[in-house]
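Take a look at the structure below.
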Amino acid sequence: MTITFDGPILVPAADPDDAERTARALAPRIGPENTVLVVHVIEKAGGAPDKAPLEARREFADDVFSRARGPLEETGARVETEVLYGTDVVDAIFEAADDRGADGVAFVPRKGSRLVEMLSGDTSRRLIREATLPVLVLPVED
1 MTITFDGPIL VPAADPDDAE RTARALAPRI GPENTVLVVH VIEKAGGAPD
51 KAPLEARREF ADDVFSRARG PLEETGARVE TEVLYGTDVV DAIFEAADDR
101 GADGVAFVPR KGSRLVEMLS GDTSRRLIRE ATLPVLVLPV ED
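With the first letter of the sequence shown counted as 1, position 40 gets the number 40 in UniProt numbering; the numbers rise by one all the way through.
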């Protein structure tokens with residue numbers, strides 16, 4: 001199945017494994033006519049000290065992007081990457097999608113315990129519940 005979005009598809013990636021997993025799940029569904037914008041959100045602490053030095057977090061983002069590029073570039077799709085900054089990951093994703101004229105957001109839900117989901121606010125659920133444009137939840141490939 002090929003996705004027929006006319007505009008960019010925004011792909012949020014939390015870490016390198018997430019990036020590669022999502023890219024591999026999305027790749028069979030896109031082609032040279034698609035543009036994919038892979039984003040990684042560096043969560044700002046909102047007044048509190050940040051979790052890690054900014055340079056280390058940018059290097060982490062570069063690793064995220066390199067892991068996503070391979071499977072996506074094999075499709076012939078145009079692949080762009082961007083680091084986003086925000087105190088709320090979901091808000092940052094939807095703001096970026098709106099700013100860049102994305103037609104949709106695509107992601108593979110990450111596995112986590114119910115306790116972690118409850119305490120963290122479960123980003124996957126929020127992406128679906130607070131969607132301001134189509135959200136494509138890709139199947140988890142083992």
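Backbone N, C-alpha and C fix where the C-beta goes; we use that ideal spot for every residue, glycine too.
Rounded to whole angstroms, what's the CA-CA distance from residue i to residue j? Just pull it up for me.
i: T87; j: V39; result: 15 Å
i: L136; j: R69; result: 19 Å
i: I30; j: V108; result: 15 Å
i: D6; j: K44; result: 32 Å
i: P32; j: V11; result: 16 Å
i: L72; j: L37; result: 10 Å
i: G15; j: V41; result: Rather than Gly, the amino acid found at residue 15 in this sequence is Asp. Going from the Cα of D15 to the Cα of V41 covers about 10 Å.
Between which two residues does the beta strand (DSSP E) holding residue i run?
i: L138; result: It is not in any beta strand (DSSP E) - L138 carries neither H nor E in the DSSP assignment.
i: E43; result: T35 to E43
On the CB-based measure, 16 or more other CB atoms within 10 Å of its CB, does residue i come out buried or exposed?
i: D17; result: exposed
i: E59; result: exposed
i: P8; result: buried
Excluding five sequence neighbours on each side, which residues of the same chain lie with their C-beta closer than 7 Å to the C-beta of residue i?
i: V90; result: T123, R126, L127 and E130
Spell out a yes or no on whether the segment 91-98 and the segment 51-64 are touching, meaning 3 or more CB-CB pairs, one atom from each, closer than 8 Å.
-> no
Three or more C-beta pairs below 8 Å linking the segment 5-20 and the segment 63-80 | yes
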